[in-house]
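Just so you know, the sequences run in chain order A and B. Everything in the first sequence is counted per the numbering used here, starting at 5 for the first residue and increasing by one. Everything in the second sequence is counted per the numbering used here, starting at 2 for the first residue and increasing by one. Glycine included, every Cβ here is placed at the ideal spot set by N, Cα and C. Quantities reported herein were computed from a predicted structural model and do not represent experimental measurements. Report on the following structure.
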Amino acid sequence: MTEIPYDPTKEIAETVLNVVDVWKSYDELEVLKGISFELARREVKVIFGPSGSGKSTLLRCINMLTPPDKGEIYLSGQNLMAPGVDLNAMRAKIGMVFQHFNLFSHLKAADNVSVGLRRVKGFTKEEARAKALDALHQVKMTDWAEHYPAQLSGGQQQRVGIARALAMKPDLILFDEPTSALDPELIGEVLQVMLDLAKAGTTMVVVTHEMGFARAVASEMIFIDQGVVIERGTAEHFFVSPESERVKNFLRQINILYGHHEELLKESNEDEKL
Amino acid sequence: MVWLSDEPNFLTIFFYILTEGLFVTLALTALGLLIGFALGLLLALMRVYGPTEIGWFASGYEKIFRGIPVLILIFIFAFGIPRLFWYLEPLERPMAGVILALGLRSAAYQSQIFRGAILSVQPGQTAAARALGMNGFQSFRHIVFPQAIRLAVPSWSNEYAVVIKDSSFAYGVGILEMTRAAFDISANFPELLSLSMGIVAIIYLIFTYPVTKLFGERQTKKLKDFGMGGG
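Here is the structure:
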């Protein structure tokens, strides 16, 4: 992948995703209570908050795996909530990376990546395979192309999961806690791939508690609790002067749990200075 | 007793049963399993993906065919419905009836096997397929079904053993298969009843145990290695 440094002054930010007042409840339980945000092309947005706050539901609402009860979701201007929209075609434009990877267990890594290209995008077997190997190269998994998911470590599986989303050339990629099911020593390799993607200008919505990642690449962070946006701002804002007591408490706890990735963060900041 | 010698021994009886009966036994089993597969898969799809009423129909079918002894079903389909196989030669009709009875009954069991297998494909697999943009059919065809078939193999090999054993009930409507061949020997040599029944028992064992062993235990281990199924 050729890296094009992102220069915000050179283009007028084009809105890829516009989430407007999304509500979702399961029976009595209201999970999302009017969430709104916008995402511009090449932007990385980090969503965080306590478990059960509705972050994962929000992502599943965005690609309509669980359609919201109320609200609008615009993908490049097209309202996904409008009747008659071809949701399958729309989902093909939204990549998704899952907490538990969800690789297709009967397919080798390369086929996991190519199956969508073949069946959804209609590429021939050869074309799909070439593109799949390209995507696996981007996540440094070329050597593992012929392995089944069960033969891969969690970190490797997640990198294949990212390649699977990437290969579809989506308008944006949703990451649903991509590292929280991983052993600590495997988190780094996945975060590194995500950092590379972010710096290459991939449009991303990332649900994560990895504050090092957020600080390195997020243009905005959104703190959600009990289905509502409590506070939003830059990473700088959250680390220097968070307003809400809830955010402060949460960040303190996160810091205790996830403090070990400061090195990754430092490295990536040094990269930028060079 | 075309070529059985005056004093049959273990080996001659063994080969007599095989040459006279094996082909028909295997044909009844294969065709019964095939009908059971096609109909069973359809019933499973009706129960898993169909509207509630269709699901009731499928589960009603299962209850009926699981609740009737296979010999009764064989009598019903071989003789009980006079014009069922009107287009076949009269002598072929009992054979067709047995195949249909075995198939319809196996469908009731195979439906449960496939239903269980489809439901034990992890929900995340479908979520990932749909998230890629596959429609419901594509995600079933390319993701869920290939895994469900693999998950069904151990139970399915057991169903094979059930059907090959139950094909011996074809004896009841006069079809020459292995059980009938064994019985013919004892009809001619009454003192050899125990021996010929023992031998046919061994032959059934040869055709059941290794298969269920191979496809049952080994596939179960393989599935575990692949991390498939509900765990």
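With 16 other Cβ atoms within 10 Å as the buried cut-off, status of residue i
{"i": "A:VAL244", "result": "exposed"}
{"i": "B:GLY175", "result": "exposed"}
{"i": "A:PRO188", "result": "exposed"}
{"i": "A:ASN116", "result": "buried"}
{"i": "B:TRP57", "result": "exposed"}
{"i": "B:SER140", "result": "buried"}
{"i": "A:GLY99", "result": "buried"}
{"i": "A:PRO174", "result": "buried"}
{"i": "B:GLN113", "result": "buried"}
{"i": "B:GLN126", "result": "buried"}
{"i": "B:ARG131", "result": "buried"}
{"i": "B:ALA39", "result": "exposed"}
{"i": "B:TRP157", "result": "buried"}
Inter-residue Cα distance where the pair is residue i and residue j
{"i": "A:MET172", "j": "A:GLU76", "result": "24 Å"}
{"i": "A:VAL101", "j": "A:ILE177", "result": "7 Å"}
{"i": "B:ILE69", "j": "B:THR26", "result": "22 Å"}
{"i": "B:SER169", "j": "B:GLY22", "result": "10 Å"}
{"i": "A:GLY88", "j": "A:MET94", "result": "12 Å"}
{"i": "B:GLN148", "j": "B:ALA118", "result": "8 Å"}
{"i": "B:THR213", "j": "B:GLN111", "result": "16 Å"}
{"i": "A:LEU156", "j": "B:ASP226", "result": "12 Å"}
{"i": "B:ARG219", "j": "B:ARG48", "result": "29 Å"}
{"i": "A:LYS74", "j": "A:LYS203", "result": "34 Å"}
{"i": "A:ASP147", "j": "A:GLY159", "result": "14 Å"}
9 Å Cβ cut-off: residues of chain A touching residue i
{"i": "B:MET135", "result": "ASN92, ARG95, ALA96, VAL119, GLY120, ARG123 and VAL124"}
{"i": "B:PRO147", "result": "PHE108, HIS110 and LEU111"}
Own chain, CB closer than 8 Å to residue i, minus 5 neighbours either side, in chain order
{"i": "B:PHE11", "result": "LEU196 and ILE200"}
{"i": "B:LEU193", "result": "PRO9, ILE14, ILE186 and SER187"}
Sequence-distant residues of its chain with Cβ nearer than 7 Å to residue i (five each side left out)
{"i": "A:ASN259", "result": "none"}
{"i": "A:ALA167", "result": "VAL117, ALA139, LEU140, GLN142, VAL143 and MET145"}
{"i": "B:LEU29", "result": "VAL99, ILE100, LEU103, SER168, ALA171 and GLU178"}
{"i": "A:HIS151", "result": "LYS112 and ALA113"}
Neighbouring residues, chain B, relative to residue i (Cβ below 8 Å)
{"i": "A:LEU69", "result": "ALA128, ARG131 and ALA132"}
{"i": "A:MET172", "result": "LEU133 and GLY134"}
{"i": "A:TYR152", "result": "PHE227"}
Neighbour list for residue i in chain B, Cβ cutoff strictly below 7 Å
{"i": "A:PRO182", "result": "Here the premise fails: no neighbours, minimum Cβ distance about 13 Å."}
Closer than 7 Å at the beta carbon, the chain A residues around residue i
{"i": "B:PRO155", "result": "Here the premise fails: no neighbours, minimum Cβ distance about 16 Å."}
{"i": "B:GLY125", "result": "PHE102, HIS104 and ASN106"}
{"i": "B:GLN139", "result": "ARG123"}
{"i": "B:ILE280", "result": "One cannot answer for residue 280 of chain B here, as it falls past the ends of chain B, which runs 2 to 232."}
{"i": "B:GLN220", "result": "By Cβ distance, chain A contributes nothing, its closest Cβ being about 13 Å from B:GLN220, past 7 Å."}
{"i": "B:ILE144", "result": "PHE108"}
Own chain residues within Cβ distance below 6 Å of residue i, not counting five before or after
{"i": "A:PHE179", "result": "VAL101 and VAL210"}
{"i": "B:LEU101", "result": "PHE78"}
Contact set between residue i and chain A, taken where Cβ atoms lie within less than 8 Å
{"i": "B:ARG151", "result": "HIS110"}
{"i": "B:ILE36", "result": "By Cβ distance, chain A contributes nothing, its closest Cβ being about 27 Å from B:ILE36, past 8 Å."}
Next on the checklist: If we require 4 or more residues per run, which alpha helix (DSSP H) segments fall completely within the stretch 162-205 of chain A?
Outcome noted: The stretch 162-205 of chain A contains these whole alpha helix (DSSP H) runs: 188-203.
Next on the checklist: Please give me, in chain order, every unbroken run of the alpha helix (DSSP H) with length at least 4 that falls completely inside the stretch 20-95 of chain B.
Outcome noted: Within the stretch 20-95 of chain B, the complete alpha helix (DSSP H) segments of 4 residues or longer fall at 24-50, 53-67 and 71-76, listed in chain order.
Next on the checklist: Threshold first: 4 residues or longer. Then list the alpha helix (DSSP H) segments lying entirely within the stretch 115-162 of chain A, N to C.
Outcome noted: Whole alpha helix (DSSP H) segments, 4+ residues: 129-142.
Next on the checklist: Just to confirm the assignment: which complete beta strand (DSSP E) runs, minimum length 3, are found wholly within the stretch 225-249 of chain A?
Outcome noted: 232-237, all fully within the stretch 225-249 of chain A.
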